[in-house]
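Trainee:
Numbering (the working numbering), first residue to last: 1 to 67.
1. Residue 5: which of 36, 33, 57, 22 sits nearest, CA to CA?
2. May I ask which residues mark the beginning and end of the alpha helix (DSSP H) holding residue 44?
3. Would you mind stating whether residue 3 and residue 52 have Cβ atoms separated by less than 8 Å?
4. Quick one: residues in its chain with C-beta nearer than 7 Å to the C-beta of residue 20, no 5 flanking neighbours on either side, listed in chain order?
5. Would residue 50 and residue 25 be called neighbours here (beta carbons separated by less than 8 Å)?
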């Protein structure tokens, strides 16, 4: 998901997206721990997506504080 798509979402929708991504990250870790086949690049993609969501959430919070 692109940053511009994320900026159009509400805080509640961003929280849901963050929760979904963290569950996906946990599932990837469990797959690796149990010896299942996991694409290593998925870890980085999910981690960066989490960072994007958290960045947009912070931008929205600081924008609210300035108003």
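Even for Gly, the Cβ is constructed at its ideal location relative to N, Cα and C. All values derive from a computational prediction rather than experimental measurement.
Mentor: According to the structure data:
1. 57
2. 40–66
3. yes
4. none
5. yes
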